[in-house]
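These notes concern the structure reproduced below.
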Amino acid sequence: MNDDALLAALGERISALAPALIDIRRDLHAHPELSREETRTTQSVADHLAAAGVRVRLLPGTGLLADVGPEDAVHRIALRADMDALPVRERTGLDFASTTPGVCHACGHDVHVTALIGAMLALASCEPALTERGVAVRGIFQAAEEMIPGGAHDAILAGALDGVDAVFAVHCDPSLDVGQVGLREGPITAACDQVAVSLHGRGGHTSRPQLTEDLTYALAKVVTDVPAALSRRLDPRAGAALVWGTIAAGRAPNVIPSTGECTGTLRMLDAHAWLTVGPLLEEIVHGVVAPYGVQAKVERVKGVPPVVNTSDGIQSFRLAALAGGMVPVSTTQSLGGEDFSWYLAQAPGAMARLGTRTHGGPTFDLHQGDLVVDEDAIALGARLLASVAIVWHTDATRRALDPMETE
142 MNDDALLAAL GERISALAPA LIDIRRDLHA HPELSREETR TTQSVADHLA AAGVRVRLLP
202 GTGLLADVGP EDAVHRIALR ADMDALPVRE RTGLDFASTT PGVCHACGHD VHVTALIGAM
262 LALASCEPAL TERGVAVRGI FQAAEEMIPG GAHDAILAGA LDGVDAVFAV HCDPSLDVGQ
322 VGLREGPITA ACDQVAVSLH GRGGHTSRPQ LTEDLTYALA KVVTDVPAAL SRRLDPRAGA
382 ALVWGTIAAG RAPNVIPSTG ECTGTLRMLD AHAWLTVGPL LEEIVHGVVA PYGVQAKVER
442 VKGVPPVVNT SDGIQSFRLA ALAGGMVPVS TTQSLGGEDF SWYLAQAPGA MARLGTRTHG
502 GPTFDLHQGD LVVDEDAIAL GARLLASVAI VWHTDATRRA LDPMETE
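Here is the structure:
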(Lines of atoms letter the chains of each structure in order from A and count residues from 1; the text may use other names and numbers.)
(Lines give C-alpha, C1' and ligand atoms only; values in the text may rest on other atoms or scores of the structure.)
Protein backbone atom coordinates (compact mmCIF):
# COMPACT_ATOMS: atom_id res chain seq x y z
CA MET A 1 0.00 0.00 0.00
CA ASN A 2 1.57 3.32 -1.07
CA ASP A 3 1.13 6.55 0.86
CA ASP A 4 -1.76 7.83 -1.24
CA ALA A 5 -3.64 4.58 -0.73
CA LEU A 6 -2.94 4.62 3.00
CA LEU A 7 -4.08 8.22 3.39
CA ALA A 8 -7.24 7.38 1.43
CA ALA A 9 -7.88 4.34 3.63
CA LEU A 10 -7.49 6.46 6.76
CA GLY A 11 -9.96 8.98 5.36
CA GLU A 12 -12.50 6.29 4.51
CA ARG A 13 -12.22 4.77 7.98
CA ILE A 14 -12.71 8.14 9.65
CA SER A 15 -15.71 8.91 7.43
CA ALA A 16 -17.27 5.64 8.55
CA LEU A 17 -16.53 6.51 12.18
CA ALA A 18 -17.92 10.06 11.92
CA PRO A 19 -21.40 9.39 13.42
CA ALA A 20 -19.85 7.49 16.34
CA LEU A 21 -17.30 10.25 16.88
CA ILE A 22 -20.09 12.82 17.11
CA ASP A 23 -21.77 10.68 19.77
CA ILE A 24 -18.50 10.42 21.70
CA ARG A 25 -17.96 14.15 21.53
CA ARG A 26 -21.50 14.88 22.74
CA ASP A 27 -21.04 12.55 25.67
CA LEU A 28 -17.76 14.26 26.62
CA HIS A 29 -19.36 17.66 26.16
CA ALA A 30 -22.22 16.78 28.48
CA HIS A 31 -19.83 15.57 31.19
CA PRO A 32 -16.99 18.12 31.38
CA GLU A 33 -14.33 17.81 34.05
CA LEU A 34 -11.95 20.42 35.40
CA SER A 35 -8.17 20.20 35.34
CA ARG A 36 -6.75 17.14 37.13
CA GLU A 37 -10.30 15.87 37.68
CA GLU A 38 -10.71 14.21 34.24
CA THR A 39 -11.43 10.76 35.67
CA ARG A 40 -14.53 9.96 33.63
CA THR A 41 -12.99 11.41 30.48
CA THR A 42 -9.84 9.31 30.91
CA GLN A 43 -11.83 6.13 31.41
CA SER A 44 -14.09 6.84 28.44
CA VAL A 45 -11.12 7.38 26.12
CA ALA A 46 -9.38 4.27 27.42
CA ASP A 47 -12.48 2.15 26.89
CA HIS A 48 -13.01 3.29 23.29
CA LEU A 49 -9.38 2.69 22.34
CA ALA A 50 -8.80 -0.57 24.21
CA ALA A 51 -11.91 -2.06 22.60
CA ALA A 52 -10.23 -1.55 19.21
CA GLY A 53 -6.99 -3.19 20.32
CA VAL A 54 -5.04 0.02 20.88
CA ARG A 55 -2.38 -0.31 23.58
CA VAL A 56 -3.36 1.98 26.46
CA ARG A 57 -1.37 3.11 29.49
CA LEU A 58 -3.02 5.24 32.16
CA LEU A 59 -0.95 8.12 33.49
CA PRO A 60 -0.68 8.97 37.20
CA GLY A 61 -3.76 10.93 38.23
CA THR A 62 -5.62 11.49 34.98
CA GLY A 63 -4.72 11.20 31.30
CA LEU A 64 -3.35 8.33 29.24
CA LEU A 65 -1.00 7.29 26.45
CA ALA A 66 -2.19 5.17 23.52
CA ASP A 67 0.12 3.43 21.05
CA VAL A 68 -0.32 1.79 17.65
CA GLY A 69 2.33 0.43 15.31
CA PRO A 70 5.55 -1.48 15.98
CA GLU A 71 7.37 -1.05 19.26
CA ASP A 72 10.74 -1.00 17.44
CA ALA A 73 9.66 1.77 15.09
CA VAL A 74 11.81 3.66 12.61
CA HIS A 75 9.83 6.78 13.53
CA ARG A 76 7.44 7.37 16.40
CA ILE A 77 5.10 10.34 15.99
CA ALA A 78 3.07 11.69 18.91
CA LEU A 79 -0.36 13.31 18.60
CA ARG A 80 -1.60 15.27 21.59
CA ALA A 81 -5.07 16.27 22.82
CA ASP A 82 -5.96 18.12 26.04
CA MET A 83 -8.95 16.89 28.04
CA ASP A 84 -9.92 19.47 30.68
CA ALA A 85 -12.88 21.83 30.72
CA LEU A 86 -13.24 25.32 32.18
CA PRO A 87 -15.05 26.74 35.22
CA VAL A 88 -17.51 28.52 32.92
CA ARG A 89 -21.32 28.21 32.82
CA GLU A 90 -22.57 26.91 29.47
CA ARG A 91 -25.09 29.09 27.64
CA THR A 92 -25.49 27.25 24.33
CA GLY A 93 -28.88 25.64 24.93
CA LEU A 94 -27.69 22.49 23.11
CA ASP A 95 -29.46 19.19 23.77
CA PHE A 96 -26.11 17.79 24.99
CA ALA A 97 -25.08 20.84 27.01
CA SER A 98 -23.01 20.44 30.16
CA THR A 99 -24.72 18.61 33.01
CA THR A 100 -22.09 19.87 35.47
CA PRO A 101 -23.10 23.24 36.95
CA GLY A 102 -20.57 25.98 36.27
CA VAL A 103 -18.30 23.80 34.11
CA CYS A 104 -18.24 23.43 30.33
CA HIS A 105 -16.01 22.72 27.34
CA ALA A 106 -15.66 26.36 26.35
CA CYS A 107 -12.28 25.83 24.64
CA GLY A 108 -13.11 22.86 22.43
CA HIS A 109 -11.06 20.27 24.27
CA ASP A 110 -13.90 17.78 23.81
CA VAL A 111 -13.34 18.16 20.07
CA HIS A 112 -9.57 17.72 20.47
CA VAL A 113 -10.07 14.49 22.43
CA THR A 114 -12.62 13.07 20.02
CA ALA A 115 -10.54 13.93 16.97
CA LEU A 116 -7.57 12.12 18.48
CA ILE A 117 -9.74 9.11 19.34
CA GLY A 118 -10.83 9.00 15.69
CA ALA A 119 -7.25 9.31 14.46
CA MET A 120 -6.02 6.50 16.71
CA LEU A 121 -8.92 4.19 15.75
CA ALA A 122 -8.26 4.80 12.05
CA LEU A 123 -4.54 4.23 12.46
CA ALA A 124 -5.20 1.03 14.41
CA SER A 125 -7.31 -0.27 11.52
CA CYS A 126 -4.29 0.24 9.23
CA GLU A 127 -1.70 -1.13 11.65
CA PRO A 128 -0.20 -3.66 9.16
CA ALA A 129 0.63 -0.78 6.81
CA LEU A 130 2.19 1.15 9.70
CA THR A 131 4.29 -1.85 10.71
CA GLU A 132 5.45 -2.29 7.11
CA ARG A 133 6.72 1.31 7.16
CA GLY A 134 8.14 1.11 10.67
CA VAL A 135 5.80 3.88 11.82
CA ALA A 136 4.44 4.03 15.35
CA VAL A 137 1.96 6.64 16.56
CA ARG A 138 1.40 7.65 20.18
CA GLY A 139 -1.74 9.43 21.29
CA ILE A 140 -1.16 11.70 24.30
CA PHE A 141 -4.42 12.45 26.09
CA GLN A 142 -3.23 15.12 28.49
CA ALA A 143 -4.79 16.47 31.64
CA ALA A 144 -4.83 20.03 32.97
CA GLU A 145 -3.85 22.18 30.02
CA GLU A 146 -5.88 25.07 31.47
CA MET A 147 -3.78 25.23 34.65
CA ILE A 148 -0.47 26.95 35.33
CA PRO A 149 1.74 24.98 35.41
CA GLY A 150 -0.09 22.72 33.00
CA GLY A 151 -0.32 18.96 32.69
CA ALA A 152 2.20 18.75 29.86
CA HIS A 153 4.98 18.51 32.44
CA ASP A 154 3.30 15.54 34.11
CA ALA A 155 2.78 13.71 30.81
CA ILE A 156 6.39 14.27 29.73
CA LEU A 157 7.73 13.09 33.10
CA ALA A 158 5.58 9.97 32.73
CA GLY A 159 7.24 9.14 29.40
CA ALA A 160 4.91 10.68 26.83
CA LEU A 161 7.84 11.72 24.62
CA ASP A 162 10.06 8.67 25.18
CA GLY A 163 11.28 7.54 21.76
CA VAL A 164 9.20 10.23 20.00
CA ASP A 165 10.64 11.86 16.86
CA ALA A 166 7.96 14.51 16.29
CA VAL A 167 4.78 15.74 17.99
CA PHE A 168 1.63 17.38 16.59
CA ALA A 169 -1.64 18.85 17.88
CA VAL A 170 -4.66 20.79 16.70
CA HIS A 171 -6.61 23.52 18.46
CA CYS A 172 -10.14 24.63 17.67
CA ASP A 173 -10.37 28.04 16.00
CA PRO A 174 -13.91 29.47 15.81
CA SER A 175 -12.70 32.29 13.57
CA LEU A 176 -11.93 29.82 10.75
CA ASP A 177 -14.55 27.98 8.69
CA VAL A 178 -14.87 24.22 8.88
CA GLY A 179 -12.44 22.76 6.35
CA GLN A 180 -9.84 25.46 6.89
CA VAL A 181 -6.60 24.70 8.71
CA GLY A 182 -4.65 27.64 10.14
CA LEU A 183 -0.87 27.27 9.80
CA ARG A 184 2.04 29.42 10.90
CA GLU A 185 5.73 28.62 10.92
CA GLY A 186 7.52 29.84 14.04
CA PRO A 187 5.68 31.15 17.12
CA ILE A 188 1.89 30.74 16.97
CA THR A 189 1.02 31.45 20.63
CA ALA A 190 2.50 33.58 23.40
CA ALA A 191 4.24 33.07 26.71
CA CYS A 192 1.81 33.27 29.61
CA ASP A 193 2.34 33.64 33.37
CA GLN A 194 0.10 34.23 36.36
CA VAL A 195 0.89 37.32 38.40
CA ALA A 196 -0.33 38.26 41.89
CA VAL A 197 0.54 41.50 43.72
CA SER A 198 -0.27 41.55 47.44
CA LEU A 199 -0.13 44.79 49.44
CA HIS A 200 0.13 45.18 53.22
CA GLY A 201 -0.07 48.40 55.19
CA ARG A 202 -1.51 50.24 58.20
CA GLY A 203 -5.22 50.63 57.68
CA GLY A 204 -7.58 53.01 59.38
CA HIS A 205 -10.56 55.32 59.06
CA THR A 206 -11.25 56.99 55.72
CA SER A 207 -11.61 60.32 57.54
CA ARG A 208 -7.91 60.19 58.49
CA PRO A 209 -6.02 58.85 55.44
CA GLN A 210 -2.90 60.79 56.52
CA LEU A 211 -2.61 58.47 59.52
CA THR A 212 -2.75 55.34 57.37
CA GLU A 213 -0.91 53.77 54.50
CA ASP A 214 -3.72 54.16 51.98
CA LEU A 215 -3.59 50.66 50.59
CA THR A 216 -6.68 50.92 48.40
CA TYR A 217 -5.26 53.94 46.60
CA ALA A 218 -1.90 52.21 46.22
CA LEU A 219 -3.58 49.09 44.84
CA ALA A 220 -5.39 51.20 42.26
CA LYS A 221 -2.05 52.66 41.19
CA VAL A 222 -0.63 49.14 40.81
CA VAL A 223 -3.56 48.17 38.59
CA THR A 224 -3.15 51.18 36.31
CA ASP A 225 0.50 52.21 36.50
CA VAL A 226 2.34 48.87 36.47
CA PRO A 227 1.07 47.80 33.00
CA ALA A 228 1.78 51.31 31.69
CA ALA A 229 5.34 51.40 33.05
CA LEU A 230 6.02 47.86 31.83
CA SER A 231 5.03 48.89 28.32
CA ARG A 232 7.65 51.67 28.43
CA ARG A 233 10.45 49.55 29.86
CA LEU A 234 10.12 46.57 27.51
CA ASP A 235 10.87 46.52 23.80
CA PRO A 236 7.45 47.03 22.12
CA ARG A 237 8.30 44.13 19.82
CA ALA A 238 8.01 41.81 22.84
CA GLY A 239 4.25 42.27 22.62
CA ALA A 240 3.79 42.26 26.40
CA ALA A 241 0.29 42.54 27.91
CA LEU A 242 -0.28 42.60 31.67
CA VAL A 243 -4.04 42.34 32.27
CA TRP A 244 -5.70 42.04 35.68
CA GLY A 245 -8.52 39.59 36.31
CA THR A 246 -9.26 40.18 40.00
CA ILE A 247 -8.93 43.10 42.42
CA ALA A 248 -9.78 42.69 46.11
CA ALA A 249 -9.40 45.07 49.07
CA GLY A 250 -11.60 45.94 51.99
CA ARG A 251 -15.23 45.29 52.90
CA ALA A 252 -16.52 48.59 54.28
CA PRO A 253 -16.77 52.00 52.55
CA ASN A 254 -15.38 53.93 55.54
CA VAL A 255 -12.44 51.65 56.36
CA ILE A 256 -9.05 51.72 54.69
CA PRO A 257 -8.02 48.03 54.66
CA SER A 258 -4.64 46.68 55.68
CA THR A 259 -4.40 44.08 52.90
CA GLY A 260 -5.33 43.87 49.24
CA GLU A 261 -4.44 41.93 46.14
CA CYS A 262 -4.74 41.99 42.37
CA THR A 263 -4.15 38.99 40.12
CA GLY A 264 -3.86 38.63 36.39
CA THR A 265 -1.82 37.29 33.51
CA LEU A 266 1.36 38.53 31.88
CA ARG A 267 1.57 37.50 28.23
CA MET A 268 4.22 38.26 25.64
CA LEU A 269 5.15 37.22 22.14
CA ASP A 270 8.90 37.16 22.66
CA ALA A 271 10.47 34.20 24.48
CA HIS A 272 13.65 36.08 25.50
CA ALA A 273 11.67 38.90 27.13
CA TRP A 274 9.60 36.27 28.95
CA LEU A 275 12.73 34.70 30.41
CA THR A 276 14.14 38.02 31.68
CA VAL A 277 11.10 40.09 32.73
CA GLY A 278 10.92 38.95 36.37
CA PRO A 279 13.32 41.46 38.02
CA LEU A 280 11.87 44.32 35.98
CA LEU A 281 8.32 43.53 37.11
CA GLU A 282 9.46 43.49 40.75
CA GLU A 283 11.25 46.83 40.33
CA ILE A 284 8.22 48.52 38.78
CA VAL A 285 5.74 47.28 41.39
CA HIS A 286 7.90 48.39 44.32
CA GLY A 287 8.54 51.73 42.64
CA VAL A 288 4.82 52.36 42.14
CA VAL A 289 3.82 51.65 45.75
CA ALA A 290 6.83 53.32 47.45
CA PRO A 291 5.21 56.79 47.82
CA TYR A 292 2.30 55.30 49.79
CA GLY A 293 4.38 53.45 52.37
CA VAL A 294 2.78 50.05 51.81
CA GLN A 295 4.66 46.78 51.44
CA ALA A 296 4.33 44.80 48.23
CA LYS A 297 4.85 41.13 47.44
CA VAL A 298 4.99 40.04 43.79
CA GLU A 299 4.32 36.42 42.91
CA ARG A 300 4.85 35.32 39.33
CA VAL A 301 4.06 31.73 38.43
CA LYS A 302 5.82 30.95 35.17
CA GLY A 303 3.42 29.25 32.84
CA VAL A 304 4.37 28.44 29.28
CA PRO A 305 6.72 29.73 26.58
CA PRO A 306 5.34 30.37 23.08
CA VAL A 307 4.44 27.40 20.89
CA VAL A 308 7.07 27.51 18.13
CA ASN A 309 6.20 25.46 15.05
CA THR A 310 9.04 23.98 13.01
CA SER A 311 9.10 24.42 9.24
CA ASP A 312 9.05 20.65 8.66
CA GLY A 313 6.09 20.32 11.01
CA ILE A 314 4.10 22.99 9.19
CA GLN A 315 4.94 21.47 5.81
CA SER A 316 3.66 18.10 7.04
CA PHE A 317 0.44 19.69 8.25
CA ARG A 318 0.01 21.49 4.93
CA LEU A 319 0.38 18.29 2.93
CA ALA A 320 -1.88 16.38 5.34
CA ALA A 321 -4.58 19.04 5.03
CA LEU A 322 -4.44 18.97 1.22
CA ALA A 323 -4.57 15.17 1.21
CA GLY A 324 -7.76 15.33 3.28
CA GLY A 325 -9.47 17.91 1.09
CA MET A 326 -8.94 20.72 3.59
CA VAL A 327 -7.73 24.25 2.86
CA PRO A 328 -4.49 25.42 4.51
CA VAL A 329 -4.59 29.14 5.36
CA SER A 330 -2.10 31.47 6.96
CA THR A 331 -2.80 32.40 10.58
CA THR A 332 -1.35 34.90 13.03
CA GLN A 333 0.40 34.61 16.37
CA SER A 334 -1.97 35.05 19.30
CA LEU A 335 -1.44 36.10 22.91
CA GLY A 336 -3.06 32.88 24.09
CA GLY A 337 -0.90 30.47 26.07
CA GLU A 338 -0.64 26.72 25.38
CA ASP A 339 1.40 24.14 27.26
CA PHE A 340 1.92 22.21 24.03
CA SER A 341 4.99 24.46 23.90
CA TRP A 342 6.73 22.17 26.40
CA TYR A 343 6.47 19.23 23.99
CA LEU A 344 7.97 21.29 21.17
CA ALA A 345 10.83 22.24 23.48
CA GLN A 346 11.88 18.57 23.32
CA ALA A 347 10.78 17.39 19.86
CA PRO A 348 10.08 19.01 16.49
CA GLY A 349 6.51 19.37 15.29
CA ALA A 350 3.65 21.84 15.10
CA MET A 351 0.22 22.90 16.27
CA ALA A 352 -2.45 23.71 13.67
CA ARG A 353 -5.67 25.64 14.11
CA LEU A 354 -8.75 23.64 13.18
CA GLY A 355 -11.62 25.64 11.71
CA THR A 356 -14.87 25.11 13.64
CA ARG A 357 -17.12 27.88 12.30
CA THR A 358 -20.10 26.89 10.19
CA HIS A 359 -19.90 28.45 6.73
CA GLY A 360 -21.88 31.68 6.89
CA GLY A 361 -22.51 31.18 10.60
CA PRO A 362 -21.64 33.34 13.59
CA THR A 363 -18.12 33.70 14.94
CA PHE A 364 -17.84 32.59 18.54
CA ASP A 365 -14.99 33.11 20.97
CA LEU A 366 -13.04 30.62 23.04
CA HIS A 367 -13.47 30.54 26.82
CA GLN A 368 -17.04 31.79 26.49
CA GLY A 369 -20.09 29.80 27.57
CA ASP A 370 -21.87 30.25 24.25
CA LEU A 371 -19.18 28.52 22.14
CA VAL A 372 -20.75 26.26 19.51
CA VAL A 373 -18.59 24.05 17.30
CA ASP A 374 -19.63 22.77 13.88
CA GLU A 375 -19.39 19.02 14.39
CA ASP A 376 -18.12 18.42 10.85
CA ALA A 377 -14.80 19.62 12.29
CA ILE A 378 -14.45 16.46 14.38
CA ALA A 379 -13.85 14.03 11.51
CA LEU A 380 -11.69 16.60 9.72
CA GLY A 381 -9.54 16.98 12.82
CA ALA A 382 -9.23 13.21 13.10
CA ARG A 383 -8.17 12.91 9.48
CA LEU A 384 -5.67 15.75 9.81
CA LEU A 385 -4.03 14.17 12.85
CA ALA A 386 -3.91 10.67 11.38
CA SER A 387 -2.54 11.92 8.08
CA VAL A 388 0.15 14.19 9.49
CA ALA A 389 1.87 11.20 11.10
CA ILE A 390 2.17 9.44 7.75
CA VAL A 391 3.27 12.57 5.90
CA TRP A 392 5.92 13.45 8.48
CA HIS A 393 7.39 9.93 8.38
CA THR A 394 7.58 9.99 4.58
CA ASP A 395 9.23 13.42 4.53
CA ALA A 396 11.66 12.49 7.32
CA THR A 397 12.64 9.32 5.45
CA ARG A 398 13.22 11.29 2.26
CA ARG A 399 15.33 13.89 4.07
CA ALA A 400 17.43 11.14 5.62
CA LEU A 401 18.06 9.63 2.21
CA ASP A 402 18.82 13.01 0.63
CA PRO A 403 20.71 15.17 3.17
CA MET A 404 21.07 17.92 0.55
CA GLU A 405 17.41 18.78 1.14
CA THR A 406 18.21 20.03 4.63
CA GLU A 407 21.09 22.27 3.59
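This note's numbering applies: residue 142 is where the sequence shown begins, and numbers increase by one.
We put the CB at the ideal spot given by N, CA and C, even for glycine.
These figures come from a predicted structure and were not determined experimentally.
Spatial neighbours of residue i within its chain, please: CB distance less than 6 Å, with the 5 preceding and 5 following residues excluded, ordered by chain position.
i: ALA285; result: SER176, ARG177, ASP225, GLY291, GLY292
i: VAL430; result: ALA359, ALA437
i: ALA527; result: LEU151, ALA260, ALA263, LEU264
i: ILE155; result: GLY259, ALA263, ALA520, ALA523, ARG524
i: HIS246; result: HIS170, PRO173, ALA226
i: ARG230; result: GLY243, GLY510
i: GLY234; result: none
i: ALA461; result: LEU525, SER528, VAL529, VAL532
i: VAL322; result: ALA462, MET467, PRO469, ALA493
i: LEU199; result: LEU205
i: ARG539; result: none
i: SER339; result: GLU402, LYS438
Name the two residues that bound the continuous beta strand (DSSP E) containing residue i.
i: LEU340; result: 332–341
i: SER348; result: Run containing SER348: none; DSSP gives neither H nor E here.
i: GLY401; result: 400–409
i: SER316; result: 307–318
i: LEU199; result: 196–199
i: LEU271; result: From DSSP, LEU271 is part of no beta strand (DSSP E) but of the alpha helix (DSSP H) over 268–274.
Tell me which residue opens and which closes the alpha helix (DSSP H) that residue i is part of.
i: GLN184; result: 180–191
i: GLN456; result: 452–464
i: VAL367; result: 356–374
i: HIS294; result: 293–298
i: THR504; result: Looking at the DSSP string, THR504 is not in any alpha helix (DSSP H), and its letter there is neither H nor E.
i: PRO394; result: Neither: PRO394 is in no alpha helix (DSSP H) and is coded neither H nor E.
i: GLY152; result: 144–171
i: ALA412; result: 412–417
DSSP state of residue i, grouped into three classes?
i: ARG432; result: Here the sequence assigns Pro to residue 432, which means Arg is not the residue at that position. PRO432: helix per DSSP, three-state reduction.
i: ALA382; result: strand
i: ALA223; result: The displayed chain sequence assigns Asp, not Ala, to residue 223. Three-state result, ASP223: strand.
i: LEU235; result: coil
i: ILE281; result: strand
i: HIS534; result: helix
i: GLY323; result: strand
i: GLY204; result: coil
i: MET467; result: coil
i: VAL449; result: strand
i: LEU495; result: strand
i: THR387; result: strand
i: ARG441; result: strand
i: PRO377; result: helix
i: PRO489; result: coil
i: HIS246; result: coil
i: ILE425; result: helix
i: ARG230; result: coil
i: PRO328; result: strand
i: ARG177; result: coil
i: VAL209; result: strand
i: ILE258; result: helix
i: ILE519; result: helix
Buried or exposed: which applies to residue i, given that a residue is buried once 16 or more other Cβ atoms fall within 10 Å of its Cβ?
i: MET142; result: exposed
i: ALA390; result: buried
i: HIS346; result: exposed
i: GLU424; result: exposed
i: PRO446; result: buried
i: LEU302; result: buried
i: VAL363; result: buried
i: ALA369; result: exposed
i: HIS413; result: exposed
i: ALA332; result: buried
Given residue i, which residues of its chain have a CB within under 7 Å of its CB, disregarding the five upstream and five downstream residues?
i: ARG459; result: LEU324, PRO469
i: ALA337; result: GLU402, THR404, GLU440
i: ARG167; result: PHE237
i: ASP355; result: ILE397, TYR433
i: PHE505; result: PRO315, ASP511, LEU512, VAL513
i: THR240; result: ALA171, HIS172
i: ASP453; result: PRO489, ASP536
i: ASN450; result: ARG325, GLU326, GLY327, ILE329, ALA491, MET492
i: GLY552; result: Only positions 142 to 548 of the chain appear in the structure, and residue 552 is not among them; the question remains open.
Just to confirm my understanding: we take residue i, look at its own chain, exclude 5 residues before and 5 after, and list those with CB closer than 8 Å. What are they?
i: ASP271; result: According to the sequence displayed, residue 271 carries Leu and not Asp. For LEU271, where only same-chain residues beyond five positions count, the Cβ hits under 8 Å are VAL209, GLY210, PRO211, LEU264, ALA277, VAL278.
i: VAL319; result: GLY496, THR497, ARG498, THR499, HIS500, ASP515, ASP517, ALA518, LEU521
i: THR387; result: GLU402, CYS403, THR404, GLY405
i: VAL448; result: PRO328, ILE329, THR330, GLU479, PHE481, SER482, LEU485, MET492
Return no unless some Cβ of chain D is closer than 7 Å to the Cβ of residue i.
i: ARG177; result: Here there is only one protein chain, and chain D is not present.
Inset, instruction - Could you tell me whether the segment 518–529 touches the segment 256–272, where touching means 3 or more Cβ pairs closer than 8 Å? - result: yes
Inset, instruction - Pair every Cβ in the segment 473–492 with every Cβ in the segment 372–379, then say whether three or more of these pairs are closer than 8 Å. - result: no
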